[in-house]
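Have a look at the structure below, then the notes.
Residue numbers (the working numbering): 1471 to 1737.
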């Protein structure tokens, strides 16, 4: 709309689809905007982008998206479940088995549902599953604010040609509870060779508080939010067979798996 010369604005918050809080905000903004036009008046002035910054739990206004002042910072996956800005050393890949007969479940996240929890959720039980890998920073010495688009580069190989890579960013609080921030999934048709899978996560606005930890999950599903990969290459909706897959995630100098976060630059 802005490219067409039209004034546009967007409000983004952390509500589930059926949230009462979302309804109240939508009605208020719609009335302000609609009544102004009905009265042939200008709508109330505000910036083009209004975001709810999770973690800080405040509204923030910006003139554009993505906002200026944030620069990409790469966090590398390491052996022993470490996440760090330092490049990885030589190490053997981490392994897990994905079984579509017992698919990795979806916990929270962006989903339209009235029977299951959407949005922010405790991921502790999910991360205890053997088919979920986690990589975590040390406790943060200062707040880390992340606003913008996020992507991960996961060096991956499967025992099956067809496999999925699901990546989730989490905030681990001072009590060790892990809460999801954003995530994404990519499907691979040639997963039985070692290559870099690029996973685009949902954009976010989140402040990781001092003393918290940044965590990355890697798995091969989030069912039923995403249809499970049968491992056979058949269409997911009509597949008749299910094949378990042995997955490998690499983190070595020649295969440096990582996630890139848009981090606020502090002068």
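The beta carbon of each residue, even a glycine, is placed where N, CA and C say it ideally should be. As the structure is a computational prediction, the values presented were derived from the model and not from experiment.
By alpha-carbon positions, which one of the options ends up nearest to residue i?
{"i": "residue 1636", "options": "1683, 1729 and 1557", "result": "1729"}
{"i": "residue 1528", "options": "1685, 1695, 1675 and 1707", "result": "1675"}
{"i": "residue 1686", "options": "1654, 1661 and 1714", "result": "1654"}
{"i": "residue 1556", "options": "1691, 1723 and 1716", "result": "1723"}
{"i": "residue 1650", "options": "1660, 1639 and 1656", "result": "1639"}
{"i": "residue 1534", "options": "1705, 1621 and 1473", "result": "1473"}
{"i": "residue 1549", "options": "1731, 1720 and 1732", "result": "1720"}
{"i": "residue 1580", "options": "1733, 1485, 1737 and 1681", "result": "1485"}
{"i": "residue 1566", "options": "1599, 1538, 1552 and 1539", "result": "1599"}
{"i": "residue 1603", "options": "1647, 1652 and 1718", "result": "1718"}
{"i": "residue 1609", "options": "1642, 1530, 1620 and 1634", "result": "1642"}
{"i": "residue 1588", "options": "1695, 1703, 1737 and 1731", "result": "1695"}
{"i": "residue 1763", "options": "1731, 1737 and 1683", "result": "Beyond the ends of the chain as shown, which are 1471 and 1737, falls residue 1763; an answer cannot be given."}
{"i": "residue 1552", "options": "1737, 1475, 1532 and 1606", "result": "1606"}
{"i": "residue 1652", "options": "1737, 1684, 1532 and 1475", "result": "1684"}
When we look at the beta-carbon of residue i and count the other beta-carbons within 10 Å, is it buried (16 or more) or exposed?
{"i": "residue 1645", "result": "exposed"}
{"i": "residue 1525", "result": "buried"}
{"i": "residue 1582", "result": "exposed"}
{"i": "residue 1423", "result": "The first residue shown for the chain is 1471 and the last is 1737, placing residue 1423 beyond what the model contains."}
{"i": "residue 1477", "result": "exposed"}
{"i": "residue 1626", "result": "buried"}
{"i": "residue 1735", "result": "exposed"}
{"i": "residue 1511", "result": "exposed"}
{"i": "residue 1727", "result": "buried"}
{"i": "residue 1634", "result": "buried"}
{"i": "residue 1505", "result": "exposed"}
{"i": "residue 1659", "result": "exposed"}
{"i": "residue 1564", "result": "buried"}
{"i": "residue 1680", "result": "exposed"}
{"i": "residue 1677", "result": "buried"}
{"i": "residue 1623", "result": "buried"}
{"i": "residue 1669", "result": "buried"}
{"i": "residue 1703", "result": "exposed"}
Note down, in chain order, each residue of its chain lying with its Cβ closer than 6 Å to the Cβ of residue i, except the 5 sequence neighbours on either side.
{"i": "residue 1501", "result": "none"}
{"i": "residue 1574", "result": "1601, 1689 and 1691"}
{"i": "residue 1422", "result": "Outside the displayed range of the chain (1471 to 1737) lies residue 1422, so it cannot be described from this structure."}
{"i": "residue 1715", "result": "1568, 1628, 1629, 1630, 1633 and 1701"}
{"i": "residue 1725", "result": "1625"}
{"i": "residue 1530", "result": "1521 and 1523"}
Near residue i, which residues of its chain fall below 8 Å by C-beta distance, leaving aside the five closest residues on each side in sequence?
{"i": "residue 1499", "result": "1481"}
{"i": "residue 1706", "result": "1697, 1698, 1699 and 1700"}
{"i": "residue 1507", "result": "1513"}
{"i": "residue 1539", "result": "1734 and 1735"}
{"i": "residue 1479", "result": "1516, 1517, 1518, 1519 and 1520"}
Given residue i, which residues of its chain have a CB within under 7 Å of its CB, disregarding the five upstream and five downstream residues?
{"i": "residue 1693", "result": "1573, 1574, 1575 and 1576"}
{"i": "residue 1571", "result": "1712"}
{"i": "residue 1647", "result": "1592 and 1594"}
{"i": "residue 1667", "result": "1624, 1626, 1635, 1656 and 1658"}
{"i": "residue 1590", "result": "1484, 1578, 1649 and 1650"}
{"i": "residue 1554", "result": "1545, 1546, 1548 and 1607"}
{"i": "residue 1663", "result": "1627"}
I want to check one thing, is the minimum distance from the CB of residue i to the heavy atoms of the ligand GTP below 7 Å?
{"i": "residue 1647", "result": "Within the structure as shown, the ligand GTP is missing, as the structure has no ligands at all."}
Exercise. Would you call the stretch 1692-1699 and the stretch 1509-1519 in contact, with 3 or more CB pairs under 8 Å?
Worked result: The stretch 1692-1699 vs the stretch 1509-1519: no contact.
For this session: Determine contact between the stretch 1611-1631 and the stretch 1535-1550, defined as no fewer than three beta-carbon pairs at a distance below 8 Å.
Result: Touching, per the Cβ criterion.
For this session: Examine the Cβ distances between the stretch 1551-1561 and the stretch 1660-1676 and report whether three or more of them are shorter than 8 Å.
Result: Short answer: they don't touch.
For this session: Tell me the start and end of each unbroken alpha helix (DSSP H) in the stretch 1487-1563 that is at least 4 residues and wholly inside, in chain order.
Result: Every alpha helix (DSSP H) stretch that sits fully inside the stretch 1487-1563 and reaches 4 residues is listed by chain position as 1490-1508.
Exercise. Are the stretch 1708-1718 and the stretch 1587-1598 touching by the rule of at least three beta carbon pairs closer than 8 Å?
Worked result: No, they do not touch.
Exercise. Which full runs of the beta strand (DSSP E) of 3+ residues lie inside the stretch 1614-1680, going along the chain?
Worked result: Runs of beta strand (DSSP E) with 3 or more residues, each lying fully within the stretch 1614-1680, are found at 1614-1628, 1633-1642, 1648-1658 and 1665-1678, listed in chain order.
Exercise. Which runs of the alpha helix (DSSP H) fall wholly inside the stretch 1677-1703 and span at least 4 residues, in chain order?
Worked result: Complete alpha helix (DSSP H) runs here, min 4: none at all.
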